[in-house]
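The sequence shown begins at 331 in this note's numbering and counts up by one. In this text, a Cβ means the ideal position worked out from N, Cα and C, and glycines have one as well.
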Amino acid sequence: MEMTGAQIVWECLCREGVEVVFGIPGGAILPTYDALFHCPVRHVLVRHEQAAAHAADGYARATGKVGVCMATSGPGATNLVTGIATAMMDSIPVVAITGQVASSFIGGDAFQETDVTGITLPITKHNYLVTDIRDLAQVMAEAFYIARTGRPGPVLVDIAKDVQQAKTEFEYPESVDLPGLPKPQPPDLKAIEAAAALINAAERPLILAGHGVQMGDATWELQQLAEKAEIPVVTTLLGIGDIPETHPLCLGMGGMHGEAYANQAIQECDVLIAIGMRFDDRVTGRLDAFAPNAKIIHFELDPAEVGKNVKPDITVLGNCKDTLGALLPLIEQRRHQEWLARINSWREDSRERDILNFEIDELIPPFVMRQLWEATKGQNVIVVTDVGQHQMWEAQYYLHERPRQLITSGGLGTMGFALPASIGAKVGRPDAEVWAVCGDGGFQMTMQELGTIMQEKIPVKIAVIVNGFLGMVRQWQQLFYEKRYAGTPLLSPDYEKLGEAYGIPARAVRRNEEVADAIAEARATDGPFLLAFHVKEEVNVYPMVAPGAGVGEMIRRPKPRIVQGYSGVEPSW
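Shown next as structure tokens:
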């Protein structure tokens with residue numbers, strides 16, 4: 331059948347099972363948008379192209395499918411860049427489709443011409459510039475194949491305007507064969523046997539589980555390994571949900587803002603089993619001080635990550651589900667009660683420092699996060715966070731039970747991520763209750779997407795932690811720059827009036843006793859709801875590994891001091 335290039339784009343998306351595209355039209359992509367008029371794919375009109383990329387990212391993280399975003403040439407394409415880089419750093423399958431000026435104008439500095447393939451070369455798994463309509467169907471098929479195959483990642487397809495308008499016979503490839511793309515290999519049984527021997531001989535084993543466990547659908551295998559050999563599990567930020575955080579063997583998140591007992595376990599273990607993680611600096615701290623007593627086993631899909639930061643003693647390459655599946659029959663039933671008791675003594679010290687165990691009159695962010703968990707635990711809930719202090723408090727105080735329950739920007743640390751990503755998550759998982767948890771800084775970077783929520787009737791619940799600062803930067807200024815708060819004090823709009831302007835119910839919360847009722851009201855509302863939690867301003871995230879320090883050299887939570895004649899405590903914030 332003869333089709334225009336624009337029609338081929340949508341036909342290819344349908345063949346790939348795409349249900350929704352997030353984007354904004356413009357001149358160079360207009361022929362493709364015109365063809366959308368007769369296509370069953372849903373289009374979500376965002377208010378900024380960065381939000382389109384984040385929404386596609388959130389959709390992909392929530393569903394495991396490829397997310398798709400679309401923009402025009404020039405500024406439309408460049409506005410996608412931050413979202414594409416976010417997906418690249420976190421290995422998220424996204425296909426970004428951009429319009430380009432007509433092929434005869436390319437290179438002539440035409441209106442809204444930008445070399446977007448050149449710009450995105452370092453932040454995509456692969457990208458294409460299509461100047462011949464005969465290549466278009468093949469390129470689209472390859473883009474989706476590359477995005478989802480092996481270690482996932484974003485792919486950009488830039489299509490010249492004349493290609494969208496031209497016609498050709500449509501033929502979609504039945505299969506894709508890319509010789510340069512690494513093919514999945516069967517597990518190396520010798521490496522797995524060596525790993526099993528080391529694990530079976532360990533007295534203080536520890537699992538460090540990352541995002542690759544969820545991406546590889548290996549959470550069941552991970553839990554079986556932990557339970558069979560009684561091995562405690564620490565997760566990375568993106569690994570949260572690899573194992574239920576209420577599981578007795580789960581120690582929670584490690585690293586820069588991980589719990590002290592989790593970091594102490596890393597430093598004291600004798601065998602560290604790293605699964606689907608890349609030894610990011612936020613996990614390791616100073617490399618020469620990381621896990622000094624441990625033999626390290628690295629289960630990893632991407633060979634490029636092996637030895638890049640930390641040199642393992644044993645490497646097991648392959649998809650985590652396959653490699654852990656082959657490992658499990660070789661693992662002996664073990665008990666490590668002495669090791670667990672030691673960790674529990676460290677955990678008790680951390681519990682005694684936890685401010686939530688004391689009566690606090692002022693509203694503080696950890697209390698909000700724990701109340702949100704208390705209200706929603708056991709439910710089908712996805713929490714999407716922005717980046718900063720609230721992100722770390724959510725990771726510490728909301729106890730995640732399932733994979734893909736926490737969606738957040740890890741490697742790039744992108745402020746403004748939460749609100750648009752929550753839109754994508756809710757569109758992809760309409761059955762789930764989706765919460766966007768934001769700081770007042772990150773929220774104001776993309777708060778225009780309230781318009782998208784209103785227009786598309788997307789019932790996300792939004793919690794903004796309002797502390798009047800760019801909180802994490804202020805914390806660093808307090809601890810390392812003698813409280814010189816340059817550029818971090820932050821004004822906010824009236825969030826209740828902002829919600830009213832968009833037709834979204836909103837409520838301000840300023841006292842502890844209001845929190846539970848406010849969350850209940852938001853959950854009971856049929857549609858979106860905006861909560862603004864006005865919290866104590868100068869509250870810090872603890873523990874914290876300072877820049878250049880080892881993961882065991884933490885700034886610990888100060889122990890709250892009981893004050894005579896006062897019903898609560900006086901913490902050292």
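- The residue from Asp-445, Pro-789, Lys-813, Asp-632 with its alpha-carbon nearest to that of His-541 is Asp-632.
- For Met-419, the number of other beta carbons within 10 angstroms of its own is at least 16, and it is reported as buried.
- Looking at the backbone, the Cα of Glu-786 and that of Val-350 are separated by about 12 Å.
- Beta-carbon to beta-carbon, Leu-567 and Thr-412 are separated by about 19 Å, too far to satisfy the 8 Å threshold.
- Under the DSSP assignment, Tyr-825 falls in the alpha helix (DSSP H) whose first and last residues are 825-832.
- Nearest in C-alpha terms to Ala-336, of all of Val-493, Glu-472, Val-796, Lys-455, is Val-493.
- Rounded to the nearest whole angstrom, the C-alpha separation of Pro-355 and Ser-675 is 58 Å.
- For Asn-457, no alpha helix (DSSP H) run applies; the uninterrupted beta strand (DSSP E) run containing it begins and ends at 456-460, by DSSP.
- Here the stretch 454-465 does not lie against the stretch 516-525, with fewer than 3 beta-carbon pairs under 8 Å apart.
- As computed with DSSP, Thr-566 is found in no beta bridge at all.
- Membership of Leu-538 in the beta strand (DSSP E) is indicated by the continuous run 535-539.
- Counting along the chain, the unbroken beta strand (DSSP E) around Gly-397 starts and ends at 397-401.
- In terms of CA proximity to Val-869, Phe-799 leads the group Lys-827, Phe-799, Ala-836.
- Spatial neighbours of Ala-604 in its own chain (CB-CB distance under 6 Å, excluding positions within 5 residues in sequence) are listed in chain order as Leu-538, His-628.
- Looking from the CA of Asp-691, the closest CA among Asn-842, Gly-437, Gln-468 belongs to Asn-842.
- In this structure, Leu-657 sits away from Glu-630, with a CB-CB distance that is not shorter than 8 Å.
- Here the alpha carbons of Lys-491 and Cys-399 stand approximately 17 Å from one another.
- Inter-residue distance for Gln-663 and Ile-644 is about 21 Å (C-alpha atoms, whole angstroms).
- The shortest CA-to-CA distance from Lys-791 to any of Phe-810, Lys-827, Leu-749 is the one to Leu-749.
- From the listed residues Pro-482, Glu-589, Leu-528, the smallest Cα separation to Met-545 is found for Pro-482.
- Boundaries of the alpha helix (DSSP H) harbouring His-720: 719-727, taken from the DSSP string.
- Short of 6 Å from the beta carbon of Glu-332, and not among the five residues preceding or following it, lie these beta carbons of its own chain, in chain order: Lys-497, Glu-499.
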